[in-house]
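Residue numbers for the sequence shown follow the numbering used here, so the first one is 12 and each next one is one higher.
From the three backbone atoms N, C-alpha and C, an ideal C-beta is built for every residue, glycine too.
In this text the structure is predicted, and so the values were computed from the model without any measurement.
Written out below as structure tokens is the structure these notes cover.
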Amino acid sequence: MQESYDEVINVLELMDLTREVSVFKGSERALSDEEATSMSEGAELIIRKALSDDPKPL
Numbered sequence: 012m013q014e015s016y017d018e019v020i021n022v023l024e025l026m027d028l029t030r031e032v033s034v035f036k037g038s039e040r041a042l043s044d045e046e047a048t049s050m051s052e053g054a055e056l057i058i059r060k061a062l063s064d065d066p067k068p069l
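Set out below in structure tokens:
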């Protein structure tokens, strides 16, 4: 996960978009199956957005 995160940051820096695009870390390990869960910054963001009163789709 860390390598992917670092690469996304690198690409955004090359494109001069670091101030325009937010990046959140995902799970540190692969999920064992489709019902497994793992909390992460990315998962927490999705939950906050899903529970918000914002009328825009996710």
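query, result
"Counting only the same chain and skipping the five closest in sequence on each side, list residues whose C-beta sits under 8 Å from that of SER15.", "GLY37"
"Please identify the residue among PHE35, SER51, SER33 and VAL34 whose C-alpha is closest to the C-alpha of ALA41.", "SER51"
"What number of angstroms, rounded off, separates the C-alpha of LEU25 from the C-alpha of ALA61?", "31 Å"
"Can you give the Cα-Cα distance for VAL32 and LEU23, rounded to whole angstroms?", "8 Å"
"Helix, strand or coil: how does DSSP classify ALA54 here?", "helix"
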